[in-house]
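Peer 1:
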Ligand code: PGA
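In this note's numbering, the protein residues as written are 54 to 299.
1) Tell me which residues share the same chain as residue 156 and place their Cβ nearer than 7 Å to its Cβ, disregarding the 5 neighbours each side in the sequence.
2) With a 10 Å radius around its C-beta and 16 neighbouring C-beta atoms as the bar for buried, classify residue 101 as buried or exposed.
3) Would you call the CB atoms of residue 270 and residue 105 closer than 8 Å?
4) Would you say the beta carbon of residue 275 comes nearer than 7 Å to a heavy atom of the ligand PGA?
5) For the segment 103 to 135, which segments carrying the alpha helix (DSSP H) assignment without a break, of at least 4 residues, lie completely within its bounds, in sequence order?
6) Return helix, strand or coil for residue 263, following the three-state DSSP convention.
7) Just the C-alpha distance for residue 256 and residue 116, rounded to the nearest angstrom, thanks.
8) Beta carbon of residue 247, beta carbon of residue 288: below 8 Å?
9) Using a Cβ-Cβ cut-off of 6 Å (strictly less than) and excluding sequence neighbours within five positions of residue 140, which residues of its own chain qualify?
10) Report yes if the C-beta of residue 272 is less than 7 Å from at least one heavy atom of the ligand PGA; otherwise report no.
11) Select from 75, 65, 202 the residue whose C-alpha is nearest the C-alpha of residue 243.
12) Contact between the segment 182 to 189 and the segment 133 to 152 is defined here as three or more beta-carbon pairs at a separation below 8 Å; is this criterion met?
13) For the ligand PGA, is there any heavy atom lying closer than 7 Å to the beta carbon of residue 149?
14) What would DSSP say about residue 75, mapped onto helix, strand or coil?
15) Helix, strand or coil for residue 172? Go by DSSP, reduced to three states.
16) When the Cα atoms are used, what is the spatial distance from residue 43 to residue 122?
17) Given 8 Å as the limit, is there contact between the segment 71 to 81 and the segment 226 to 244, that is, 3 or more CB pairs closer than that?
18) Going by C-alpha to C-alpha distance, which of 152, 207, 160, 165 sits closest to residue 173?
19) Closer than 7 Å by C-beta to residue 268: which residues in its own chain qualify, once you throw out the five before and the five after it? Chain order, please.
20) Would the beta-carbon of residue 251 be found less than 7 Å away from any heavy atom of the ligand PGA?
21) Which residues does DSSP list as the beta-bridge partners of residue 83?
22) Spatial neighbours of residue 176 within its chain, please: CB distance less than 6 Å, with the 5 preceding and 5 following residues excluded, ordered by chain position.
23) Can you name, in chain order, every residue of its own chain whose Cβ lies under 6 Å from the Cβ of residue 152, other than the five neighbours on each side?
Have a look at this one:
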């Protein structure tokens, strides 16, 4: 099985950085780069076709009087195949509710984009034993009917692990991915690929990608330097090769 390495550049990245990324040569791993909106067109010109592009957000309408917004139809026209939705930084900073996120996912699908839907618990939700309940609630409310293997990826991103250098134990990651999968099967009858996100880096990528139920990573900080991102991709390639041999 091949894995997915998705880079979330957040509000970082300039054209000068692209040369090093153009040299990344994955073997089996599917690579998705999600740069800031202004960098999508430069990325599409500078990067080889085997690096797919994604937006980091989109509007719930196709066009209209929405100053400062970008629709998924526009992302698609600029060369994107994916869009990250429901990231915790937007759920928290922009007060995006799960119901609101569902409308964006729906519109992203209508534009022909694959949604990378993020879910994850905060530290206090984990501390009070609410993790599974929160994941189920976020999935139920932010994923419209019609999700299937080819139009949606889920990213499990514990909020407390994002940008902190702290990662859950392997058991915690396995349990969360298992519960997400079980919930999707029970409520939607679908099986989706689930990425792990939160402080993934070259030194822990091999261990995380080997966890049962992890189909790839959504990588923030460690995706900003091409050499670090390339090392993570290499770890995914090696795990995929080990699986084929086993
Ligand atoms: P991080 O971010 O890898 O810097 O923790 C991941 C994310 O927020 O998608």
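Glycine is no exception: its CB is placed at the ideal position from the N, C-alpha and C atoms. These figures come from a predicted structure and were not determined experimentally.
Peer 2: Taking the structure as given:
1) As a first step, residue 156 must be located in the chain shown, where it is residue number 103. Cβ within range, chain order: 113.
2) Sequence index remark: in the chain shown, residue 101 carries index 48 (1-based). Under this definition residue 101 is an exposed residue.
3) Reading the chain shown from its first residue, position 217 is the one you call residue 270. Reading the chain shown from its first residue, position 52 is the one you call residue 105. In this structure, residue 270 lies away from residue 105, with their beta-carbon atoms at least 8 Å apart.
4) In the chain shown, the residue the question calls residue 275 occupies position 222. Flag set: Cβ of residue 275 near the ligand PGA.
5) For the segment 103 to 135, whole alpha helix (DSSP H) runs of length 4 or above, ordered along the chain, are 125 to 131.
6) One-based indexing of the chain shown puts residue 263 at position 210. Here residue 263 sits in coil by DSSP.
7) Taking the first residue of the chain shown as 1, we reach residue 256 at position 203. Taking the first residue of the chain shown as 1, we reach residue 116 at position 63. One C-alpha to the other measures close to 43 Å.
8) Counted from its first residue, the chain shown places residue 247 at position 194. Counted from its first residue, the chain shown places residue 288 at position 235. Result no, Cβ atoms of residue 247 and residue 288 do not sit closer than 8 Å.
9) Taking the chain shown and counting its residues from 1, the one referred to as residue 140 is at position 87. Cβ within range, chain order: 171.
10) On the chain shown, residue 272 is found 219 positions in, with the first residue counted as 1. Distances between the C-beta of residue 272 and the heavy atoms of the ligand PGA include at least one below 7 Å.
11) In the chain shown, residue 243 corresponds to position 190, counting from 1. For residue 243, the nearest C-alpha among the options comes from 202.
12) No: fewer than three Cβ pairs fall under 8 Å.
13) For the purposes of this step, residue 149 is taken as the residue at position 96 of the chain shown. Because no heavy atom of the ligand PGA lies under 7 Å away, the Cβ of residue 149 does not count as near it: no.
14) Within the chain shown, residue 75 is the residue found at index 22, counting from 1. Residue 75: helix per DSSP, three-state reduction.
15) One-based indexing of the chain shown puts residue 172 at position 119. Here residue 172 sits in strand by DSSP.
16) Nothing can be reported for residue 43: it is not among the residues displayed for the chain, which extend from 54 to 299.
17) no
18) Walking along the chain shown from the start, residue 173 turns up at place 120. When each option's Cα is compared against that of residue 173, the closest is 207.
19) Indexing the chain shown from 1 puts residue 268 at position 215. Taken in chain order, the residues that qualify are 56, 57, 246, 247, 248.
20) Residue 251 sits at position 198 when you count from the first residue of the chain shown. Within the cutoff, so yes.
21) Along the chain shown, read from residue 1 onward, the residue named residue 83 stands at position 30. Answer by DSSP bridge pairing, in chain order: 57.
22) Against the chain shown, residue 176 aligns to sequence position 123. Contacts found: 213.
23) Along the chain shown, one-based indexing puts residue 152 at 99. Excluding sequence neighbours, residue 152 sits near 194.
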